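Here's the structure, in structure tokens; my notes come after.
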């Protein structure tokens with residue numbers, strides 16, 4: 335749950351212990367994810383999985399030591415179940431595709447009626463596992479989850495072959511073996527008509543024979559090296575998995591090329607909030623900035639007409655979402671949220687090297703530039719120092 339306090343007299347906006355949060359669910363079922371032989375509807379039964387820790391990002395490796403307790407993946411919860419019905423697709427990125435899903439049942443209270451299910455493309459399960467690790471770090475930091483980023487309800491996986499276990503004759507208690515071509519007869523909805531499924535390297539992966547980790551990353555606790563995701567690759571024989579990340583549903587993205595001072599200032603503030611955690615996003619583009627659903631629903635004709643912000647104001651947003659999402663640092667409710675942390679890095683602030691902290695806190699200066707607006711071709715891992 336969110337809510338690190340910064341000495342403010344403002345009230346806490348934390349949810350109750352029974353409310354849905356990152357550690358609420360040990361398992362999950364999603365209905366409507368595909369079909370077998372175009373006749374039998376398929377459901378997926380997922381279990382909570384460990385995320386993929388990032389090494390410490392620093393130029394000063396001799397001073398770096400990973401604080402293992404807070405850097406380790408959160409242990410999976412042992413109880414709690416969520417049941418979802420897959421709905422419409424609303425977005426696709428390099429490593430994943432996002433669908434809306436309605437909540438059919440939940441063992442946790444205050445679960446929203448709809449959430450976002452981010453599905454990893456076939457070769458990107460480890461990428462999504464890294465994304466999940468950053469959401470765990472944001473959960474631990476306070477003043478982030480549900481404040482500058484969407485709430486996260488966990489990272490889950492299942493074996494692709496287990497999709498057939500829900501079909502009569504292919505269950506756990508059956509002696510019947512699926513046909514050799516059974517997998518090919520599975521129509522898996524989230525993997526249909528994808529724009530691409532190319533392998534994508536993480537910032538700390540080896541590239542072209544040069545190991546970035548040896549120069550700018552420290553894994554002295556072997557948290558990355560000992561993770562199952564370190565060398566996982568379906569193309570190299572790893573078990574075929576389906577991986578999903580459950581997130582709070584958000585609204586529309588910041589319109590590329592649009593200059594709205596109040597909104598850009600708000601986005602710069604949330605980038606600064608992110609920097610205080612030691613995290614640099616490294617992909618600050620308008621496509622990775624979405625409106626909070628409360629802000630969008632508060633604007634009856636959101637994003638219509640010549641001015642996409644004509645119905646919104648940061649002041650009005652305070653009235654829409656007083657109950658939650660209050661930022662202690664900026665004494666307000668932010669309109670925007672940052673998403674997609676698979677290119678992000680995290681450092682440890684050291685008094686002897688203030689330039690690394692400075693780089694984190696000043697990443698908001700990138701907001702509004704050509705890269706952010708989408709007029710400059712994206713580069714890979716644009717380090718600030």
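Numbering (this note's numbering), first residue to last: 335 to 719.
C-beta: ideal position from N, C-alpha, C; glycine also.
Computed from a prediction, not measured in an experiment: that's the story for all the values here.
For a test of the three-state rule: what should DSSP assign to residue i, helix, strand or coil?
i: residue 695; result: helix
i: residue 523; result: helix
i: residue 443; result: strand
i: residue 478; result: coil
i: residue 499; result: helix
i: residue 427; result: coil
i: residue 570; result: helix
i: residue 677; result: coil
i: residue 550; result: helix
i: residue 461; result: helix
i: residue 672; result: strand
i: residue 628; result: helix
i: residue 665; result: coil
i: residue 432; result: strand
i: residue 469; result: helix
Could you tell me the alpha carbon to alpha carbon distance between residue i and residue j, rounded to whole angstroms?
i: residue 672; j: residue 665; result: 18 Å
i: residue 420; j: residue 573; result: 24 Å
i: residue 707; j: residue 606; result: 18 Å
i: residue 625; j: residue 662; result: 19 Å
i: residue 445; j: residue 437; result: 8 Å
i: residue 477; j: residue 485; result: 11 Å
i: residue 526; j: residue 687; result: 48 Å
i: residue 600; j: residue 621; result: 16 Å
i: residue 490; j: residue 550; result: 30 Å
i: residue 618; j: residue 582; result: 20 Å
i: residue 589; j: residue 494; result: 37 Å
i: residue 427; j: residue 451; result: 13 Å
i: residue 587; j: residue 623; result: 6 Å
i: residue 475; j: residue 401; result: 14 Å
i: residue 433; j: residue 447; result: 14 Å
i: residue 497; j: residue 443; result: 29 Å
i: residue 594; j: residue 704; result: 15 Å
i: residue 465; j: residue 435; result: 20 Å
i: residue 356; j: residue 669; result: 22 Å
i: residue 609; j: residue 374; result: 48 Å
i: residue 358; j: residue 483; result: 18 Å
i: residue 422; j: residue 528; result: 15 Å
i: residue 275; j: residue 575; result: A query on residue 275 cannot be resolved here, the shown segment of the chain reaching from 335 to 719 and no further.
i: residue 353; j: residue 405; result: 25 Å
Give the range of the beta strand (DSSP E) segment to which residue i is assigned.
i: residue 290; result: Here the chain has residues from 335 to 719 only, and residue 290 is not among them.
i: residue 562; result: Per DSSP, residue 562 belongs to no beta strand (DSSP E) and is neither H nor E.
i: residue 624; result: 623-625
i: residue 452; result: 448-454
Keeping to the same chain, check which residues put their C-beta closer than 6 Å to that of residue i; ignore five residues upstream and five downstream.
i: residue 533; result: 457
i: residue 702; result: 598
i: residue 613; result: 678, 680
i: residue 282; result: One cannot answer for residue 282 here, as it falls past the ends of the chain, which runs 335 to 719.
i: residue 659; result: 480, 481, 667
i: residue 463; result: 385, 386, 563
i: residue 394; result: 687
i: residue 487; result: 580
i: residue 709; result: none
i: residue 577; result: 454, 459, 462, 491
i: residue 440; result: 416
i: residue 521; result: 368, 369
Identify the continuous alpha helix (DSSP H) that holds residue i and give its terminal residues.
i: residue 315; result: This structure leaves residue 315 out entirely; the chain is present only between 335 and 719.
i: residue 487; result: Taken as a continuous stretch (DSSP letters only), residue 487 belongs to no alpha helix (DSSP H), being part of the beta strand (DSSP E) at 486-493.
i: residue 705; result: 704-707
Could you pull out every residue in the same chain whose Cβ sits closer than 8 Å to the Cβ of residue i, ignoring the five residues on either side in sequence?
i: residue 751; result: Nothing can be reported for residue 751: it is not among the residues displayed for the chain, which extend from 335 to 719.
i: residue 360; result: 381, 382, 410, 411, 412, 413, 414, 415
i: residue 371; result: 519
i: residue 627; result: 582, 583, 584, 585
Establish whether the CB of residue i and some CB of chain B are separated by less than 9 Å.
i: residue 419; result: Among the chains in the structure shown there is no chain B, since it carries only a single protein chain.
Please go through the same chain and pick out, in chain order, the residues whose beta-carbon is closer than 7 Å to the beta-carbon of residue i, but skip the five residues on each side of it.
i: residue 602; result: 698, 701
i: residue 691; result: 683
i: residue 407; result: 384, 385, 387, 467, 470
i: residue 429; result: 454, 455, 458, 461, 462, 534, 676
i: residue 377; result: 363, 364, 365, 367, 500
i: residue 473; result: 356, 479, 486
What runs of the beta strand (DSSP E), each 3 residues or longer, lie entirely inside the segment 343-420?
Qualifying beta strand (DSSP E) stretches, in chain order: 361-370, 374-382.
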